[in-house]
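*Asks:* Residue numbers (this note's numbering): 38 to 178.
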């Protein structure tokens with residue numbers, strides 16, 4: 038029985054362990070999320086958000102692809118699934134005439150912690166967010 042108790046950590050040790058310092062809005066600071074950085078926008082870049090009109094973006098993508106343009110869909114965070122769904126809808130409508138190339142990455146985003154009192158200093162925190170970049174272009178014969 039003593040062997041087993043040695044392998045299980047003491048419950049008090051979990052209270053002291055802090056995986057990473059994470060600030061949320063508290064009595065001293067309020068979190069202000071910065072706008073994510075974007076590369077220089079090319080004509081074929083389409084940024085997907087959860088607030089954008091899905092059908093309008095689908096029509097915009099189809100129009101650009103029918104004109105022979107190459108497009109790249111960019112989705113960040115919660116919009117990753119929406120960007121993937123948009124690419125699947127495009128694939129369904131255009132068939133096997135186009136190639137879809139998917140790249141995923143993780144972006145480091147900065148948040149400002151603005152003080153609510155003059156006695157507290159402003160801080161910044163870093164967080165990670167998933168992103169997807171879906172390149173769609175016409176097959177060459």
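Note that beta-carbon positions come from the ideal geometry of N, C-alpha and C, so glycine has one too.
Cβ of residue 173 within 9 Å of Cβ of residue 107?
*Replies:* By one-based count along the chain shown, residue 173 stands at place 136. By one-based count along the chain shown, residue 107 stands at place 70. Yes, they are a contact pair.
*Asks:* Give the single residue among 82, 74 and 147 whose Cα lies nearest to the Cα of residue 120.
*Replies:* Position 83 of the chain shown, counted from the start, is the residue given in the question as residue 120. When only C-alpha atoms are compared, the closest one is 82.
*Asks:* What distance in whole Å lies between the Cβ atoms of residue 176 and residue 163, which are believed to be in contact at a cut-off of 8 Å?
*Replies:* By one-based count along the chain shown, residue 163 stands at place 126. By one-based count along the chain shown, residue 176 stands at place 139. Between residue 176 and residue 163 the Cβ distance is about 41 Å, and since that is not below 8 Å, they are no contact.
*Asks:* Suppose you measure from the CA of residue 68 to the CA of residue 90; what does that come to, to the nearest Å?
*Replies:* Here the question's residue 68 lines up with position 31 in the chain shown. Here the question's residue 90 lines up with position 53 in the chain shown. Approximately 28 Å between the Cα atoms of the pair.
*Asks:* Could you name the residues of the same chain whose beta carbon sits closer than 7 Å to that of residue 137, not counting the 5 residues immediately before and after it, in chain order?
*Replies:* As a first step, residue 137 is located in the chain shown; it is residue number 100 there, counting from the start. Here the set comprises 124, 128, 171 and 173.
*Asks:* Decide if residue 102 is buried, meaning its Cβ has at least 16 other Cβ atoms within 10 Å, or exposed.
*Replies:* On the chain shown, position 65 is the one that residue 102 refers to. Classification of residue 102: buried, given that the 10 Å Cβ count is 16 or more.
*Asks:* Using the C-alpha atoms, what's the distance from residue 111 back to residue 86?
*Replies:* For this step, residue 86 is matched to residue 49 along the chain shown. For this step, residue 111 is matched to residue 74 along the chain shown. Distance between the alpha carbons of residue 86 and residue 111 is about 9 Å.
*Asks:* Provide the residue(s) that pair with residue 151 in DSSP beta bridges, ordered along the chain.
*Replies:* Taking the first residue of the chain shown as 1, we reach residue 151 at position 114. Partner(s): 67.
*Asks:* Locate the beta strand (DSSP E) running through residue 169, then write down its first and last residues.
*Replies:* Locating residue 169 in the chain shown gives position 132, where the first residue counts as 1. Element bounds for residue 169: 160-175.
*Asks:* Using DSSP bridges, identify the partner residues of residue 136.
*Replies:* Translated into positions along the chain shown, residue 136 becomes position 99. Note: residue 136 sits in a beta bridge opposite 174.
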